[in-house]
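To keep things clear, I will list the structure first and then write my remarks on it.
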Amino acid sequence: MANRLIIVESPSKARTLSRFLGSGYTIKASMGHVRDLPKSRLGVDLDKGFEPQYEVTKEAQIKDLRAAAKKADEVILASDPDREGEAIAWHLAEALRLKDPQRVVFHEITRAAVKAALLAPRPIDRDLVFAQEARRVIDRLVGYQLSPFLWKKVRTGLSAGRVQSVAVRLVVDRENEIGAFVPEEWWTVEAQLATQQGTTFGARLYARRGETGDGDGDDLEVAAKPAEPGDSKLKLPDEAAALRVMAELGVDEEGKPGPGVPPFEVAKVTARESTRSAPNPYTTSTMQQDASTRLRMAPKKSMQIAQDLYEGVELGSEGPVGLITYMRTDSARISDTARDAAHAHIEAAYGKEYVGRGAPRAAKTKAPVAAQDAHEGIRPTDPARTPDSIASHLSAPQLRLYELIWRRFVASQMSSARFDTTRVDITAGDYVFRATGSVLRFDGFLRVLRREDDQKDRSLPALTEGALLALRQLSREGHITQPPPRYTEASLIKELEERGIGRPSTYAPTLDVIQERKYVRQEERRLHPTELGKTVDGVLRAQFPDIVDVAFTADLEKRLDGVEDGHAAFETTIRDWYVPFADTLEKAEANVERVRVPTKDTGEECPECGEGRLVVREGRFGEFTGCSRYPDCKYIKKEGPAPEPTGEPCPDCGRPLVVRQGKRGPFVGCSGYPDCKYLRDEAARPAGAEGEAASEELGACPECGKKLARKSGRRGPFVGCSNYPDCKYIQPRGGGEAGSRPAAQPTGESCPECGKPLVTRMGRRGAFVGCSGYPKCRHIKGDAPAEADAAPAGGEAAPARAPTPPAVLDPELGACPDCERPLVRRQGRFGAFVSCSGYPDCRYRPPRTTAARTAAG
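The number in my numbering is simply the position in the sequence shown, starting from 1, with 40 added.
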């Protein structure tokens with residue numbers, strides 16, 4: 041039998057493939073890229089057509105793969121089905137010196153897809169490789185030539201990039217729009233009306249009579265376009281205008297109708313059926329947007345989880361199963377097979393009337409984008425595999441993302457939702473009021489995708505034209521126009537996609553890097569540019585306008601897509617971009633002076649030197665407040681409120697105690713710090729015996745005789761010597777708040793190991809008897825006395841952890857899929873689990889839920 045070697049990127053993908061393929065296949069993982077540009081130098085030969093100079097990054101992996109390739113009759117490269125995957129396949133072929141490499145691609149890791157791919161191998165697509173190389177080379181040229189410019193002119197450690205710099209510009213532009221925004225006031229008037237049967241409903245002032253502008257042939261004349269926000273065509277710029285309308289309608293300022301109210305008459309009733317179509321299956325960007333908005337999941341995190349779902353998750357007896365299709369795609373297309381499977385599931389689960397028709401709609405974009413339509417949209421590999429049916433096998437984040445993808449795909453193949461909508465125009469004097477109602481008649485795709493923010497039914501009473509209505513109340517409400525909202529991660533991804541900036545693989549890394557570089561920070565999930573980000577953006581706009589120009593960057597993306605299509609040459613595309621870039625860089629190097637990141641003056645004087653001002657600066661770890669005379673004065677202000685006096689004297693030195701704010705909350709300390717380091721880890725109390733009694737209750741330090749004090753550490757509150765750091769005594773404790781339980785009770789027995797007295801303590805699992813010499817002696821007596829329940833200990837030692845039970849070998853567990861050693865049952869802190877007997881050399885563990893069930897037998 042022929043031996044065929046299949047090389048994929050990851051071990052999890054290899055495990056999933058091994059389910060479908062027999063003994064004639066050997067499956068190995070390359071662990072990602074095996075070659076890359078060098079980190080220590082440019083790695084691009086500018087004189088040889090921008091030829092990349094690669095070096096092997098995984099020598100051991102290459103050695104292992106070469107050995108396996110020598111034993112194989114055929115080598116098949118099965119990396120991911122995109123530009124990056126094609127490049128990985130080409131690098132493998134080069135590094136392994138393969139003469140006739142076979143390339144297979146599949147967009148889902150299922151038996152049918154893998155078998156079909158193996159029946160249709162092809163050569164490596166060099167156009168795809170060139171497209172990936174072109175992007176990699178341009179990104180390297182920008183990163184290794186423009187970033188050092190920023191180091192010299194602004195600050196070390198900065199970076200610029202083809203996509204990231206445009207993303208920062210968009211955030212800065214939005215902040216400038218918000219800063220320039222001038223809010224405007226506007227008012228609405230709403231009537232509460234009643235039918236002759238007594239049914240009430242609301243209608244909003246819409247227009248002056250003859251100015252509805254609906255253009256639907258009614259007897260209300262067409263007027264100009266809307267002049268005001270909202271759904272009204274009547275401009276009410278201030279409260280005075282609203283009051284004038286109310287007065288004309290015979291209503292007082294309280295909204296109560298007077299004797300001069302004109303009749304409110306139904307002028308027109310328009311009823312129609314409206315539909316709401318299902319959304320398309322997810323693309324990479326729309327999945328990231330919804331995961332961010334609905335699951336509070338960062339784009340980087342959602343892509344990591346999607347990768348796991350694609351490569352395979354253990355589903356009990358089924359083994360590893362690929363649950364979704366490939367997650368890097370800008371196409372919403374789905375295969376006929378997937379559509380048929382979805383329709384079959386929908387008909388069986390919901391009924392034939394819920395089965396939808398039609399192809400995905402084209403997404404609206406601000407710039408033409410070349411979708412990689414060979415890909416499908418992101419969908420479950422089997423629609424019948426519902427989230428509930430596999431919930432026990434997935435982690436919570438995996439389940440949430442899988443359910444999001446499953447619901448979106450199933451909904452995309454369902455029929456539209458249908459609504460009965462009614463619009464009623466009501467005349468009163470010179471004015472027209474409008475009421476709208478909408479009632480869901482058939483839920484369609486909303487059966488699986490209805491969300492809390494979907495519109496609720498708003499029905500209107502049955503009304504006929506000419507009917508008279510009674511005015512119950514007329515109210516006015518003021519509004520303020522709002523500035524454009526700051527971007528969230530989701531909305532910035534949407535903006536980048538619509539403008540044709542970046543591609544599916546770049547969105548998450550871009551958002552990651554602009555925050556890591558401190559160009560942008562998140563506050564309440566909104567993106568704000570930092571002073572550093574504004575400064576770098578300003579330098580790039582002034583000196584390298586093309587780098588941050590949205591249209592130029594989108595056009596460059598299209599030209600790079602042309603390399604992929606074979607319509608543009610690798611070298612020509614890069615040269616057309618690089619020559620003007622290099623010229624601009626040379627001029628900027630010579631002409632631009634060093635730029636300082638602006639500081640914000642706090643209005644405070646430096647308390648250390650008395651000459652400088654305290655200013656807010658941008659540092660490596662975010663904003664901080666320091667002296668304006670830096671580096672001559674290195675004072676940095678510790679953030680937090682000013683200390684508040686407690687009215688108590690320090691028990692160590694007699695100076696006043698104050699409440700300070702620490703990393704773990706408020707604490708009481710001596711105002712003489714750092715000369716006196718007394719601390720008490722509790723809120724300030726009034727002066728008097730209470731505070732002193734608390735100190736007395738803690739007693740004296742057994743090592744130096746000074747008073748003990750309550751303190752807070754990384755593991756919570758504890759009792760230690762107030763003379764720290766001269767005395768480092770810490771009172772043994774059993775968990776919980778120090779001093780919150782009675783002291784340990786002597787038992788009258790001696791420790792058999794060290795001879796010190798045994799005491800009864802209270803631990804997390806109840807009372808126990810242990811040595812008073814803890815932690816130096818950790819002896820625990822097997823049985824605690826019955827009266828132990830009445831003698832818990834505060835600030836005392838917890839029992840030593842019980843010995844870990846030995847691993848249990850069970851033949852039914854089988855062999856480890858990574859190293860083929862036996863699987864064993866173990867007992868951990870959180871219960872039973874299954875893992876490889878080769879630990880720590882092999883760290884394989886089945887998914888937690890699967891392991892728990894297996895371990896339980």
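Ideal placement from N, C-alpha and C gives every residue a C-beta, glycine not left out.
Whole-angstrom C-beta distance between residue j and residue i, which should lie under 8 Å
i    : j    : result
L117 : K68  : Between K68 and L117 the Cβ distance is about 11 Å, and since that is not below 8 Å, they are no contact.
V488 : H385 : Incorrect: roughly 11 Å between the Cβ atoms, too far for contact.
R143 : R162 : 5 Å
I374 : E416 : 5 Å
T30  : L654 : Residue 30 lies beyond the residue range present for the chain, which begins at 41 and ends at 897; the question has no answer from this structure.
V699 : P683 : 6 Å
I164 : W191 : Their Cβ separation, rounded to whole angstroms, is 38 Å, which puts I164 and W191 out of contact at 8 Å.
P862 : A855 : 6 Å
S456 : T315 : 4 Å
Residues near residue i by beta carbon distance below 6 Å, same chain, minus five either side
i    : result
K796 : C811, S812 and G813
G712 : C693 and R695
D898 : An answer regarding residue 898 cannot be provided, because it is not within the stretch 41 to 897 covered by the chain.
G295 : Q513, L514 and S515
I587 : S205 and L580
K53  : E351
Alpha-carbon spacing of residue i relative to residue j, whole angstroms
i    : j    : result
L363 : R209 : 38 Å
S187 : P685 : 50 Å
Y675 : F664 : 11 Å
G183 : K627 : 18 Å
P786 : C767 : 26 Å
E148 : A157 : 10 Å
V848 : R865 : 5 Å
T369 : Q329 : 14 Å
P620 : F90  : 15 Å
A127 : A108 : 21 Å
D87  : H383 : 57 Å
V291 : V637 : 59 Å
Y394 : V479 : 18 Å
E564 : Y879 : 43 Å
G652 : C667 : 6 Å
L274 : R498 : 24 Å
Contact set for residue i: own chain, Cβ-Cβ below 8 Å, skip 5 residues either direction
i    : result
Y442 : L349, L363, I364, P420, P427, I430 and L434
A507 : T235, Q236, E305 and V306
T228 : R244, L245, G270, S272, L276, A282, R516, E517 and H519
Q438 : I345, D348, L349 and V353
P408 : Low confidence applies here, because P408 scores a pLDDT of 47, under 50, leaving its location unreliable; read the following figure in that light. For P408, where only same-chain residues beyond five positions count, the Cβ hits under 8 Å are G540 and K598.
Neighbour-count burial assignment, residue i, 16 or more Cβ in a 10 Å radius
i    : result
E224 : exposed
N763 : buried
T310 : exposed
C741 : buried
N320 : buried
F221 : exposed
T56  : buried
Q412 : Residue confidence is low: Q412 scores 48 on pLDDT, short of 50, so the model does not pin down where it sits. Its coordinate-derived value is still stated next. Buried, because 16 or more other Cβ atoms sit within 10 Å of the Cβ of Q412.
A807 : buried
D607 : Just to set this straight, residue 607 is His in the shown sequence, not Asp. Under this definition H607 is an exposed residue.
S332 : buried
E633 : exposed
G238 : exposed
C791 : buried
L748 : buried
L159 : exposed
S80  : exposed
A468 : buried
Same chain, Cβ closer than 7 Å to residue i, five either side skipped, listed in chain order
i    : result
R44  : G64, Y65, A112, D113, E114 and I116
A135 : V74, R75, V96 and I102
Cutoff 8 Å: residue i Cβ touching any chain D Cβ
i    : result
I614 : Chain labels in this structure do not include chain D; a single protein chain is all it has.
Ranges of the beta strand (DSSP E) found wholly within the region 204-259, counting only runs of at least 3: Positions of the beta strand (DSSP E) runs, each at least 3 residues long and wholly inside the region 204-259, are given as 225-234 and 240-248 in order along the chain.
Within the region 298-341, ranges of the beta strand (DSSP E) (whole runs, at least 3 residues): Segments of the beta strand (DSSP E) lying fully in the region 298-341: 304-316.
Length-filtered (4 minimum) alpha helix (DSSP H) runs lying within the region 93-177: Under the rule that a run must span 4 or more residues, the alpha helix (DSSP H) segments found entirely inside the region 93-177 read 99-111, 123-135 and 151-158.
Start-end ranges of the alpha helix (DSSP H) lying completely within the region 563-614, minimum 4 residues: As far as the region 563-614 is concerned, its whole alpha helix (DSSP H) runs of at least 4 residues are 571-583, 585-588 and 590-605.
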